[in-house]
Amino acid sequence: MVTHIHTMTGSPEGPGNDSSIMTKTKAKTQRPPLYKVMLLNDDYTPMEFVVHVLERFFGLSHAQSFEIMLTVHKKGLAVVGVFSHEVAETKVAQVMDFARRHQHPLQCTMEKEE
Ligand code: TYC
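Under the working numbering, the first residue of the sequence shown is numbered 578, with each subsequent residue one higher.
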């Protein structure tokens with residue numbers, strides 16, 4: 578984004594006021610949006626399967642994975658990581674495919690971080 582800031586002092590009509598006009602242009606760095614990847618609770622997916630998913634696809638330790646699994650179990654969902662759009666999409670696809678292949682109803686979704 579480019580922002581122009583114009584500051585004028587003195588009367589606009591007066592002669593020779595140009596000397597007090599200042600114009601600045603600042604180019605702000607744009608960062609790409611980040612996406613939260615979330616795991617949703619269900620009544621059927623085994624707890625150990627969810628822990629395994631978190632270790633395998635999100636590189637979390639067993640202890641971190643168990644903690645997040647319990648948060649999902651108790652609260653209904655939890656953010657398991659924040660990634661670029663491309664990486665988030667890949668994680669969601671990997672988890673959904675792995676759950677499907679093991680016939681578990683585990684759901685994984687992504688949402689833009691504000
Ligand atoms: N609620 C499941 C059970 O009691 C465990 C579970 C946890 C399932 C997290 C999904 O994302 C999930 N077996």
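We put the CB at the ideal spot given by N, CA and C, even for glycine. The model shown is predicted, which means the values in this text are computed figures rather than measured ones.
Relative to the alpha-carbon of PRO682, which residue among MET624, PRO610, LYS605, ILE598 has its alpha-carbon at the smallest distance?
-> Along the sequence shown, one-based indexing puts residue 682 at 105. Of the residues MET624, PRO610, LYS605, ILE598, the one whose Cα lies closest to the Cα of PRO682 is MET624.
Hey, could you find the ends of the beta strand (DSSP E) LYS605 is sitting in? Numbered from 1 along the sequence shown, position 28 holds the residue referred to as residue 605. Careful: LYS605 lies outside any beta strand (DSSP E) and carries neither H nor E.
_With a threshold of 6 Å on Cβ separation, who are the neighbours of GLY658 within its own chain once the five nearest residues in sequence on each side are excluded?_
Mapped onto the sequence shown, residue 658 falls at position 81. Result list for GLY658: VAL614, PHE635, in chain order.
Smallest Cα separation from VAL628: which of LEU647, ASP674, PRO610? Here residue 628 refers to the residue found at position 51 of the sequence shown. For VAL628, the nearest C-alpha among the options comes from LEU647.
For ligand 1, any of its heavy atoms closer than 7 Å to the Cβ of LEU637? Translated into positions along the sequence shown, residue 637 becomes position 60. Result no, Cβ not under 7 Å from ligand 1.
- Task: State the DSSP-derived secondary structure class of GLU644, mapped to helix, strand or coil.
- Result: As a working note, residue 644 is residue 67 in the sequence shown. Reduced to three states, the DSSP call for GLU644 is helix.
- Query: Skipping 5 residues on each side, what residues in its chain have a beta carbon closer than 6 Å to that of MET687?
  - Reply: Translated into the one-based positions of the sequence shown, residue 687 becomes position 110. Counting only Cβ-Cβ distances below 6 Å, and skipping sequence neighbours, we find TYR612, VAL614, ALA665, VAL669.
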